[in-house]
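*Asks:* Got a structure for you, written out below as structure tokens; questions coming shortly.
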Amino acid sequence: MTKRESPITLNAKVRKALSDRHQDEHNAGHLYDRVAERLHHEGYAGLAQHFRLAAAEERGLHAQRVENILHAFDIDPPHPQVQEPNLDGQDSVLDLVYLAWKTEADLLRRYEETKALAGEKAELAVEAILDGILELQLAEVEESRALYRRCESAAKDGAGIMSVDAILAGPPAG
């Protein structure tokens with residue numbers, strides 16, 4: 023018996039854009055791993071843990087959302103080839119937290135472009151699913167913005183970023 027082609031198809035440009043978003047999620051996860059390593063080595067255990075969790079979320083739940091769309095069209099996304107992030111010029115904790123905010127905002131823009139492309143190519147189901155992803159991505163941008171603003175305020179008011187780090191680390195074990 024011959025293998026049958028999938029009865030549902032996806033526009034090639036939309037397919038490529040979704041594969042790119044899948045890659046973006048994995049790249050963000052890898053970036054957050056590197057940020058967590060650096061913060062850990064600088065003594066910021068709470069922030070390091072925050073970014074470890076964010077890394078797992080990007081590579082897990084977030085990448086899976088895109089995979090689910092592709093799987094609905096009987097497409098297996100290519101295995102991600104993550105890019106080594108460049109942290110040059112990110113000299114302070116505030117720089118690293120800002121980089122996370124910018125990364126989430128860039129992801130939001132790319133998802134918006136992918137949604138527009140899906141609409142243009144009459145992939146209305148994909149466009150509708152991307153509406154939900156955009157809502158979740160917007161919440162990620164807001165969470166990143168809030169963390170940056172907390173760190174920025176702590177740095178300015180003399181409390182220092184360690185005060186934010188201590189809150190993120192949770193209560194002492196005991």
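First residue of the sequence shown? That's 23 in the numbering used here, and the numbers climb one at a time after it.
Glycine included, each C-beta is placed from N, C-alpha and C at the ideal position.
1) Give the single residue among 37, 70, 44, 26 whose Cα lies nearest to the Cα of residue 139.
2) Quick one: what does DSSP say residue 132 is sitting in, helix, strand or coil?
3) With residue 73 as the anchor, note down where its alpha helix (DSSP H) starts and where it stops.
4) Here's a check: name, in chain order, each residue in its chain whose Cβ is nearer than 8 Å to the Cβ of residue 185, leaving out the five neighbours to either side.
5) What do you get for residue 183, buried or exposed, if any count of 16 or more other CB atoms within 10 angstroms of its CB means buried?
6) Which residues in the same chain have their Cβ closer than 8 Å to the Cβ of residue 95, if we skip the five residues on either side of it in sequence?
7) How would you label residue 153, buried or exposed, when you count the other beta carbons within 10 angstroms and need 16 or more for buried?
8) Counting pairs of beta carbons, one from the region 118-125 and one from the region 49-59, are three or more of them closer than 8 Å?
9) Assuming residue 45 and residue 107 form a contact by the criterion Cβ under 8 Å, report the distance between their Cβ atoms to the nearest whole angstrom.
10) Within this structure, are the beta carbons of residue 72 and residue 190 separated by less than 8 Å?
11) Can you tell me which of 119, 83, 85 puts its alpha carbon nearest to the alpha carbon of residue 70?
12) Can you tell me which of the three DSSP states residue 104 falls into?
13) For a cutoff of 8 Å on Cβ pairs, would you count residue 66 as touching chain B?
14) Report the CB separation of residue 159 from residue 121 in whole angstroms; it is logged as a contact under 8 Å.
15) Secondary structure at residue 144, three-state DSSP: helix, strand or coil?
16) Considering only C-alpha positions, which residue in the set 149, 61, 187, 42 is nearest to residue 113?
17) Taking the C-alpha atoms as reference points, what is the distance between residue 100 and residue 26?
18) For residue 90, count the other beta carbons within 10 Å of its own beta carbon; 16 or more makes it buried, fewer makes it exposed. Which is it?
*Replies:* Well, looking at it:
1) Residue mapping note: residue 139 aligns to position 117 of the sequence shown, counting from 1. Out of 37, 70, 44, 26, 37 has the C-alpha closest to the C-alpha of residue 139.
2) Here residue 132 refers to the residue found at position 110 when the sequence shown is read from its first residue. Note: residue 132 maps to helix in three-state DSSP.
3) Here the question's residue 73 lines up with position 51 in the sequence shown. Unbroken alpha helix (DSSP H) run through residue 73: 67-79.
4) If you number the sequence shown from 1, residue 185 lands on position 163. Cβ neighbours of residue 185 beyond the five flanking positions: 176.
5) Position 161 of the sequence shown, counted from the first residue, corresponds to residue 183. So residue 183 counts as buried.
6) Locating residue 95 in the sequence shown gives position 73, counting from the first residue. Cβ neighbours of residue 95 beyond the five flanking positions: 28, 30, 31, 32, 37.
7) For this step, residue 153 is matched to residue 131 along the sequence shown. Exposed is the call here.
8) yes
9) Counting from 1 along the sequence shown, the entry for residue 45 is found at position 23. Counting from 1 along the sequence shown, the entry for residue 107 is found at position 85. Residue 45 to residue 107, Cβ: 13 Å. No contact.
10) Taking the first residue of the sequence shown as position 1, residue 72 is located at position 50. Taking the first residue of the sequence shown as position 1, residue 190 is located at position 168. Going by C-beta atoms, residue 72 is nearer than 8 Å to residue 190.
11) Counting from 1 along the sequence shown, the entry for residue 70 is found at position 48. Residue 119 is the option with its Cα nearest to residue 70.
12) To locate residue 104, count along the sequence shown from 1; it is residue 82. The answer is coil: DSSP assigns residue 104 none of H, G, I, E or B.
13) Here chain B cannot be found, since the structure has a single protein chain.
14) Mapped onto the sequence shown, residue 159 falls at position 137. Mapped onto the sequence shown, residue 121 falls at position 99. Not confirmed; about 17 Å, so no contact.
15) Locating residue 144 in the sequence shown gives position 122, counting from the first residue. Residue 144 falls in the coil class under three-state DSSP.
16) Here residue 113 refers to the residue found at position 91 when the sequence shown is read from its first residue. Taking only the C-alpha atoms, the option nearest residue 113 is 61.
17) On the sequence shown, position 78 is the one that residue 100 refers to. On the sequence shown, position 4 is the one that residue 26 refers to. Distance between the alpha carbons of residue 100 and residue 26 is about 21 Å.
18) Here residue 90 is taken as the residue at index 68 of the sequence shown, counted from 1. Exposed, because fewer than 16 other Cβ atoms sit within 10 Å of the Cβ of residue 90.
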